[in-house]
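Following: one structure in structure tokens, then a few remarks.
Numbering (the UniProt record's numbering), first residue to last: 1 to 136.
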């Protein structure tokens, strides 16, 4: 059988754990109330934005703008390639380069002006020998 000293130590340990658990419960309840209030307040904002956008969309005519119509013969293609200034974005920069190369292969017979935005894409495009774009 356990000694009374071990039992007292165990009781103190359980009381301490209970006290910590109770404090964590109070903190989480307070945070939950705060974020619930924020969610309720933002719901009114979201509803008003939805109404505004609905009113605006009802006033817009269903006509197509001429800029969205395709052309039979495209004389010049311009591409704005957006990349990061530094790394830390996973495979974003390499994916944009792959898509750029794929587009170039599809339109080999046409002149393409390239406008790189971001240091990474600009340096990659300048170093890459397979890319035959004109950087403007």
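All C-beta atoms, glycine included, are put in the ideal place defined by N, C-alpha and C.
All values derive from a computational prediction rather than experimental measurement.
Extent of the continuous beta strand (DSSP E) to which residue i belongs
| i | result |
| --- | --- |
| residue 118 | Neither: residue 118 is in no beta strand (DSSP E) and is coded neither H nor E. |
| residue 78 | 77 to 82 |
Within 8 Å, strictly: CB atoms of residue i and residue j
| i | j | result |
| --- | --- | --- |
| residue 110 | residue 82 | no |
| residue 78 | residue 113 | yes |
Span of the alpha helix (DSSP H), counted from its first residue to its last, around residue i
| i | result |
| --- | --- |
| residue 59 | 4 to 59 |
| residue 92 | 92 to 106 |
Residue nearest to residue i in terms of C-alpha spacing, selected from the options
| i | options | result |
| --- | --- | --- |
| residue 93 | 122, 23, 29 | 122 |
Residue i at chain D interface by Cβ criterion, 8 Å
| i | result |
| --- | --- |
| residue 51 | No chain D is part of this structure, which consists of one protein chain only. |
>> Closer than 8 Å is the cut-off here; do at least three beta carbon pairs connect the segment 115 to 126 with the segment 80 to 97?
In response: yes
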